[in-house]
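Each remark here refers to the structure printed beneath this line.
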Amino acid sequence: MDIKHLVFSGGAYRGFYMFGAYKHLIEQSYIKHNILQSIHCVSVGSIFAALICLNLDLNELEEYIINKPWDKLFNFSPEFILKLTSELGIYDIDIFVDIFTTLLKSKGLSKDITLKELYEYSNIEIFIYTTKLSTWEKDVFSHKTHPDLKVIEATYMSSTLPGLFKPIFFNESYYLDGGLINSYPLNECLDCSYNPMEILSIVAKNESASEIIRNKNEINLFSFSWCILNNIISNSQENYYHNGRIENELIIPVKNLDINDASNIIKNKNIRTEIIKDGENFAKLFLSYKITKQY
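Residue numbers (UniProt numbering): 1 to 295.
Dropping the structure here:
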């Protein structure tokens with residue numbers, strides 16, 4: 001039975017794993033882009049979902065991901081410390097504008113494209129989950145609920161890690177990373193009453209929740225905050241993780257990284273290449289398992 005609905009978990013750098021897995025499944029025709037109908041996604045998964053809707057050449061997208069100078073985009077200077085108190089975050093939506101603009105332009109689309117316009121372009125529904133701070137409840141952005149919301153704004157709000165990104169005030173509330181409440185929106189996809197056999201979820205799942213602090217003598221505010229956020233999101237994912245709920249669930253076990261590891265991913269394209277390759281290898285294992293199960 002053909003895959004028509006996708007679910008992507010959140011998890012920052014874990015998006016590189018998911019890209020590698022998705023690319024391999026497309027290459028093997030396990031996923032066929034032209035019959036996709038919906039994507040349920042959160043955090044980095046929402047960025048990936050929006051790019052899928054553009055139907056970009058995946059080899060070119062891989063080159064973009066690997067070779068883009070991410071360290072220049074996420075550069076750090078002492079003045080950023082002041083932004084934590086005055087602007088509630090180090091980075092702002094300009095980073096997302098930078099990520100998306102070139103890719104949108106390659107398809108003749110504006111950086112101001114809305115959720116409705118993206119749906120009309122792709123005919124794929126995307127459901128982007130986020131956290132509404134005023135009620136501490138999950139919220140969802142789609143072409144039906146927020147047709148005029150810009151895609152870049154929706155993905156940014158779903159990915160706004162506290163302290164790292166400046167939150168947007170929207171609909172009388174600040175919005176934060178959807179992974180703080182639910183980093184794996186599989187249940188939401190199932191609630192849509194799709195045929196479960198037509199759903200594929202790709203989840204990059206931490207092997208375990210740990211302190212991710214290897215040397216207490218080197219701990220600082222940033223590494224400590226990273227540890228807290230990582231464990232909150234890991235716990236959120238675990239709460240919504242249902243192994244075996246659907247037939248097509250590609251689980252990518254990933255190790256917890258400390259803030260230095262995350263920094264190295266940003267700086268080193270060889271590490272990004274390895275992570276994408278790891279995602280591809282897990283997709284190969286997934287397909288091998290599916291074939292073996294048939295006999």
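Quick reminder that beta carbons are idealized off the backbone N, C-alpha and C, glycines included.
Extract the residue ranges of the beta strand (DSSP E) inside the stretch 23-64, only unbroken runs of 3 or more that lie entirely within it. 38-42
Spatial neighbours of residue 306 in its chain, beta-carbon cut-off 6 Å, leaving aside the 5 residues before and after: This structure cannot settle anything about residue 306, because the visible part of the chain is limited to 1 through 295.
Based on Cα-Cα distance, which residue from S46, E274, I124 lies nearest to K32? I124
N59 versus K105 - alpha carbon distance: 17 Å
Simplified DSSP assignment, three categories, for F8: strand
Can you grab the Cα-Cα spacing for the pair Y175 / M157, in whole Å? 6 Å
For R245 and L285, the rounded distance between their alpha carbons: 19 Å
Once DSSP output is grouped into helix, strand and coil, what is the label at E125? strand
What's the gap between the Cα of G279 and the Cα of I252? 7 Å
On the DSSP letters alone, give me the boundaries of the alpha helix (DSSP H) that F96 sits inside. 94-105
With DSSP run on the structure shown, which of helix, strand or coil describes E201? First, the amino acid is wrong: residue 201 is Ser here, not Glu. Correct three-state label for S201: strand.
According to the neighbour-count rule (16 or more other Cβ atoms, all chains shown, within 10 Å of its Cβ), is residue 296 buried or exposed? Past the edges of the chain, shown from 1 to 295, lies residue 296, and the structure says nothing about it.
Endpoints, the beta strand (DSSP E) within which G138 is located: The amino acid at residue 138 is misidentified as Gly; the sequence shows Lys. Its beta strand (DSSP E) spans residues 137-141.
So, with DSSP's three-state summary, where would you put I259? helix
Mind the definition here: the stretch 33-47 touches the stretch 59-71 only if three or more C-beta pairs lie below 8 Å; say whether that holds. no
Taking the straight line between their C-alpha atoms, what separation do you get for residue 326 and I271? No information on residue 326 is available, as it lies outside the stretch 1 to 295 that the chain covers here.
Would you decide whether D139 is buried or exposed? Buried here means 16 or more other CB atoms lie within 10 Å of its CB. buried
Return the bridge partner residues of D177 from the DSSP annotation. T130
If you reduce the DSSP assignment to three classes, tell me which class K68 lands in. coil
Can you check which of these residues, L186, I291, C192, is closest to V42 by C-alpha distance? L186
Contacting residues, own chain, Cβ-Cβ under 7 Å from C155 (five flanking each side not counted): A quick correction: the sequence has Thr, not Cys, at residue 155. For T155, where only same-chain residues beyond five positions count, the Cβ hits under 7 Å are S46, I47, A50, F96, I128.
Say whether chain C places a C-beta atom closer than 8 Å to the C-beta of I128. Structure shown: chain C not included; a single protein chain is present.
Which of helix, strand or coil DSSP assigns to K144: coil
Let me check understanding here. Comparing Cα to Cα, which of K205, A283, Y289 lies closest to K255? K205
Please work out which residues of its chain come closer than 8 Å, Cβ to Cβ, to E198, disregarding the five sequence neighbours upstream and downstream, and give them in chain order. M1, D2, I3, K4, H5
Length of the line joining the Cα atoms of residue 311 and N260: What the structure shows of the chain is the stretch from 1 to 295, and residue 311 is not part of that stretch, so it cannot be assessed.
With distances taken Cα to Cα, identify the nearest neighbour of D71 among D112, I266, K144, G11. I266
Buried or exposed for E153, going by 16 or more other Cβ atoms inside 10 Å? buried
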